[in-house]
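*Asks:*
Residue numbers (the UniProt record's numbering): 1 to 114.
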């Protein structure tokens, strides 16, 4: 199925798969770019999602991927980006963000395995 036929959540998940590959290959500029694209789609999905449990999962992923995106931005020396989570989910407070060397940034993505 082409990306044009997918909803924003499905596109975001598809992009995260690309991000994981680029992050593992240490292609950080491309990973950062795709994180931004995925975050845009996650934000759009959050806007239209009705189910509160799904919204909570999406918010958690947004926070997780924003954290990794910020790490990459700092690593490659880019200025700050505009993405901000409107409400930080309480259950993700205190959780660490994944890194290319310590974890899989796409693990448990709404039950999608990379």
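Where is the CB? At the ideal position from N, CA and C, for every residue including glycine. A quick note: this is a predicted structure, and the numbers were derived from the prediction, not measured.
1) Under three-state DSSP, which class holds residue 49?
2) Could you tell me which whole alpha helix (DSSP H) segments of length 4 or greater appear in the UniProt domain "MIT" (5 to 80)?
3) Whole angstroms are fine: how far does the CA of residue 66 sit from the CA of residue 39?
4) If residue 22 sits next to residue 30, beta carbons under 8 angstroms apart, how far is it from one beta carbon to the other, in whole angstroms?
5) From 25, 27 and 43, pick the residue whose C-alpha is nearest to that of residue 61; which is it?
*Replies:* Straight from the coordinates:
1) One-based indexing of the chain shown puts residue 49 at position 49. Here residue 49 sits in coil by DSSP.
2) 8 to 24, 28 to 48 and 52 to 76
3) In the chain shown, counting from the first residue as 1, residue 39 sits at position 39. In the chain shown, counting from the first residue as 1, residue 66 sits at position 66. One C-alpha to the other measures close to 7 angstroms.
4) As a position in the chain shown, residue 22 is number 22, starting the count at 1. As a position in the chain shown, residue 30 is number 30, starting the count at 1. Yes, residue 22 and residue 30 are in contact; Cβ-Cβ is about 5 angstroms, under 8 angstroms.
5) Looking up residue 61 in the chain shown gives position 61. The option with the nearest alpha carbon to residue 61 is 43.
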